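Chemist: Chains as they are written, first to last, in the numbering used here: chain V, 173 to 508; chain D, 173 to 508.
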DNA sequence: GCTCCGATTGTAACCGGTTACATCAAGCGC
DNA sequence: GCGCTTGATGTAACCGGTTACAATCGGAGC
């Protein structure tokens, strides 16, 4: 009723107030060992009275469990990471864990510093290192880690990835089935492994079907709307414009759409357009955008599940796991 | 070169290996107190050799500083929270802090449990509790906290908010200046304080200019695209449809746009449309969407700055701070 | 030569919990 | 009545760092 206004009280003070030992307080609060009902009652009253809250940091030190996991991402910007974090957080909460999130780590050295800072603060790690240079990351031995995205399962750590190639292949086959042969591709950032997998998956599918990808129909983008705009404008300038465009993510597809409309080109009658990611607004564009749906939150959730499995000893199952990507056909690629 | 493969080594083992005391190790690693160059050299070599990484948890216990702050959000879904987290993370990183994020806390009791679990794990908190029932949250005494959004500065904790009312007013005046008088409003979720502030700000501005908001032009939404669609369809059905629509967030405006186009109504010539948030794609819609730009990341950054100020003793300044919201006019509200 | 001082380093208490082990009393079987 | 088991609780070591205070040592000052 009148909690000490001072900073915080320790278990020993509670013990003194309840006229028992610290061990008893600890046991009552953790439901361990036999405790006399009267004692438990008294302890709980004192605890409530003093407004005592155990110091998790101290508890972690002696139990060697922090109940939290570190999440290291290349960035925390945009729809994708938002969903990813949501999935991870969801999985964490279900298991009573907390997540320590850190983003914007372009530099491997920075990631390294972060890993050190996290030592003793987390029980395990979920690391997404999309950039190529990620190979340099040194995971301290003995720490359970789950990788997201590209890095091959280094050091036997499990990894999860999105089926970028499969999704891209589905788009390619869909466009080919519609009769398209002059298909442009807007690639993502060079150092991004998702971007690369999508590009390669798409090209491979074209080739498999006997359609040679044309160099002049490959435009470099950076996954942002503006680069999609620029790409579309460049493609529209060609003497023989493509009949279809595959943007390797939705943001670029959106920029694309905006530019095509400006140019007076109609989608899909003049040019068909497909994206990747199936962001929530894809279906609300006009025309609604054909895209590839990836269960991003599920990716996060699975990652956390894998990590927790590792933490609790029950180990591996398959070392690599792939989250499926499903084609979602909408009006932007309606038949020719 | 051959770090022990075992889990982890302690400072005492390092001390033994370097033939010095633990105090010396600590001093070398933290740059405290005078250390003989030779000693420092030797210690650093041993540390590198053994791959020793200090246990942050233990350090926190004795220094009583965790270098991390808790971030409690009602949800972590969507563009808004993504940006917010980015801003917070950015501010945190600049100051060498980590962030413990937790979302999806609809229930105040849950938040309460979380606060307890975070005790001793974080130095301070950033709490966003948009839901009405948030008043029940009991912040433990002595913990620096910064609130985001609605809650009045309880217990003298500083709070930051977005200038929802101001932004909404700007939209209203813009539409009025364009000559619109029959203006529909798509409200956000009832229990959301941002939604309410936008709604009220808008209505107040209309009234101030002598335009009475009509009940039949007020549609309930939930901040999601689909509710925007539904609202637009309902409004289009009216005998006298509005000449302009203010959607209290962009997601709903996007749904709206999609429905209007489907209905064959042209924006802005048939109906003008404005949103709120200025999400990245707003400018790529067709027509580009008039919206209200909120520096969300800045909100997060400021919140962290305020919290850090509180942590370092240099206290208050104004207790409440408002992040401005600026009208961004685009084609969706071009002149009549 | 002796005292004093600063540089350097060690010792041990402490942060706030958990828990192995010890203690003590009561109940039980014989 | 005695040894043993079981229940309830206390004692103190330990988790892995930090740091106040003490100790040691070489040179400066007198």
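Using N, Cα and C, we set each Cβ at its ideal position, and we do this for glycine too. None of these values were measured; they are calculated from a predicted model.
1) Answer with yes or no whether the minimum CB distance from residue 289 (chain D) to chain V is below 8 Å.
2) Pull up the CB-CB distance for residue 350 (chain V) and residue 469 (chain V), whole angstroms please, since I reckon it's below 8 Å.
3) Please state whether DSSP places residue 177 (chain V) in a helix, a strand or coil.
4) Are the beta-carbon atoms belonging to residue 298 (chain D) and residue 479 (chain D) less than 8 Å from one another?
5) According to a CB-to-CB cut-off of less than 8 Å, which residues of the stretch 213-236 of chain D neighbour chain V?
6) Taking the alpha-carbon of residue 400 (chain D) as reference, which of D:261, D:296, D:205 and D:428 has the nearest alpha-carbon?
7) Is residue 404 (chain V) buried or exposed, if buried means 16 or more other CB atoms sit within 10 Å of its CB?
8) Check whether the Cβ atoms of residue 381 (chain V) and residue 347 (chain V) lie closer than 8 Å to each other.
9) List the residues of chain V whose Cβ lies closer than 9 Å to the Cβ of residue 270 (chain D), in chain order.
10) Just to make sure I have the definition right: I need the residues of chain D whose C-beta is within less than 7 Å of the C-beta of residue 248 (chain V). Which are they?
11) Determine, using beta carbons only, whether residue 312 (chain V) comes closer than 8 Å to chain D.
12) Just the C-alpha distance for residue 461 (chain V) and residue 300 (chain D), rounded to the nearest angstrom, thanks.
13) Determine the chain D residues that contact residue 397 (chain V) at a beta-carbon separation under 7 Å, and present them in chain order.
14) Given a limit of 7 Å on CB to CB distance, which residues of the stretch 475-507 of chain D reach chain V?
15) Using a Cβ-Cβ cutoff of less than 6 Å, which residues in the same chain neighbour residue 341 (chain V) once the five nearest sequence positions on both sides are dropped?
16) Take the Cβ of residue 449 (chain D) as the centre, count every other Cβ of all protein chains shown within 10 Å, and call the residue buried at 16 or more, exposed below.
17) Quick one, which residues of the stretch 431-446 of chain D are near chain V if we go by CB-CB under 7 Å, in chain order?
18) Tell me the DSSP secondary structure of residue 310 (chain V) in three-state form.
19) Using a Cβ-Cβ cutoff of less than 7 Å, which residues in the same chain neighbour residue 317 (chain V) once the five nearest sequence positions on both sides are dropped?
20) Between residue 238 (chain V) and chain D, is any beta-carbon pair separated by less than 8 Å?
21) Excluding the five sequence neighbours on either side, which residues of its own chain have a C-beta within less than 6 Å of the C-beta of residue 344 (chain D), listed in chain order?
22) Quick check on the DSSP output: what are the complete beta strand (DSSP E) runs of length 3 or more inside the stretch 454-495 of chain V, in order along the chain?
23) Any heavy atom of the ligand GTP closer than 7 Å to the Cβ of residue 233 (chain D)?
24) Helix, strand or coil: which one does DSSP assign to residue 374 (chain V)?
25) In chain D, what lies closer than 7 Å to residue 338 (chain V) by C-beta?
26) What residues from chain D crowd round residue 426 (chain V), counting only those whose CB sits closer than 7 Å?
27) Residue 182 (chain V) versus chain D: which residues are under 9 Å apart at the beta carbon?
28) For the beta strand (DSSP E) that residue 207 (chain D) lies in, which residues bound it at each end?
29) Tell me the rounded alpha-carbon separation between residue 238 (chain D) and residue 272 (chain D).
30) To which residues of the same chain is residue 451 (chain V) closer than 8 Å at the C-beta, ignoring the five residues directly before and after it?
31) Could you check which residue in D:260, D:253, D:412 and D:458 has the C-alpha nearest to that of residue 389 (chain D)?
32) Taking 8 Å as the limit between beta carbons, can you name the residues of its chain near residue 353 (chain D), skipping five residues before and five after?
33) Measure the CB-CB distance between residue 228 (chain D) and residue 289 (chain V) and report whether it falls below 8 Å.
34) Please check the pair residue 256 (chain D) and residue 472 (chain D), which I expect to be a contact at CB under 8 Å, by giving their CB distance rounded to whole angstroms.
35) Taking residue 251 (chain D) as the query, report the chain V residues whose CB atoms sit under 8 Å from its CB, ordered along the chain.
36) Rank D:431, D:425, D:458 and D:319 by C-alpha distance to the C-alpha of residue 438 (chain V) and give the top, closest one.
Modeler: So, from the data block:
1) With its beta carbon less than 8 Å from one in chain V, residue 289 (chain D) belongs to the interface.
2) In this structure residue 350 (chain V) does not touch residue 469 (chain V) by the C-beta definition: roughly 31 Å separates them, more than the 8 Å allowed.
3) For residue 177 (chain V), the pLDDT reaches just 40, beneath the cut-off of 50, and the residue's location in the model is therefore unreliable, although a value from the coordinates is still provided. Three-state DSSP puts residue 177 (chain V) in coil, outside helix and strand.
4) Contact: yes.
5) Those would be 223, 225, 226, 227, 228, 229, 230, 231, 232 and 233, in chain order.
6) That would be D:428, whose Cα lies nearest to the Cα of residue 400 (chain D).
7) Buried: at least 16 other Cβ atoms inside 10 Å.
8) Against a cut-off of 8 Å, the Cβ pair of residue 347 (chain V) and residue 381 (chain V) comes out as no contact.
9) Chain-order list of chain V residues neighbouring residue 270 (chain D): 242, 272, 273, 274, 286, 289, 290 and 293, by C-beta distance under 9 Å.
10) For the C-beta of residue 248 (chain V), the chain D residues within less than 7 Å are, from N- to C-terminus, 254, 257, 258 and 261.
11) Against chain D, the CB of residue 312 (chain V) has a partner CB under 8 Å away; the residue lies at that interface.
12) Roughly 34 Å between the two C-alpha positions.
13) Within chain D, the residues 452, 453 and 456 have their CB atoms less than 7 Å from the CB of residue 397 (chain V), given in chain order.
14) Correct list: empty, as no residue qualifies.
15) Here residue 341 (chain V) has 373 and 377 as same chain residues with Cβ atoms under 6 Å from its own Cβ, once five neighbours each way along the sequence are excluded.
16) Around the CB of residue 449 (chain D), 16 or more other CB atoms lie within 10 Å, so the residue is classed as buried.
17) Across the stretch 431-446 of chain D, CB contacts with chain V closer than 7 Å involve 433, in sequence order along the chain.
18) Residue 310 (chain V): coil per DSSP, three-state reduction.
19) The answer, listed in chain order, is 296, 297, 299, 311 and 329.
20) At least one chain D Cβ lies under 8 Å of residue 238 (chain V).
21) Taking residue 344 (chain D) as the centre and dropping the five residues before and after it, the same chain places the C-beta of 374, 377 and 378 closer than 6 Å to its C-beta, in chain order.
22) Within the stretch 454-495 of chain V, the complete beta strand (DSSP E) runs of at least 3 residues are 463-466 and 492-495.
23) No copy of the ligand GTP occurs in the structure displayed, which carries no ligand at all.
24) In the structure shown, residue 374 (chain V) sits in a helix (DSSP, three-state: H, G or I).
25) Ordered by position in chain D, no residue passes the 7 Å Cβ test against residue 338 (chain V), which lies about 26 Å from the chain.
26) Under the 7 Å cutoff, chain D gives 453 and 456.
27) Within 9 Å Cβ-Cβ: nothing; residue 182 (chain V) doesn't reach chain D, min ~10 Å.
28) No beta strand (DSSP E) contains residue 207 (chain D), which DSSP labels as neither H nor E.
29) Going by the C-alpha atoms only, they are around 11 Å apart.
30) Cβ-Cβ distances below 8 Å link residue 451 (chain V) to 251, 422, 423 and 463 in the same chain, with the five nearest sequence neighbours on each side left out; the list follows chain order.
31) Here the closest residue by C-alpha is D:412.
32) The residues 383 and 415, in chain order, have a CB closer than 8 Å to that of residue 353 (chain D) in the same chain once the five nearest residues on each side in sequence are set aside.
33) Pairing residue 228 (chain D) with residue 289 (chain V) gives a Cβ-Cβ distance under 8 Å.
34) Their Cβ separation, rounded to whole angstroms, is 5 Å, which keeps residue 256 (chain D) and residue 472 (chain D) in contact under 8 Å.
35) Within 8 Å Cβ-Cβ: 250, 251 and 254.
36) Between residue 438 (chain V) and the set D:431, D:425, D:458 and D:319, the nearest pair of CA atoms involves D:458.
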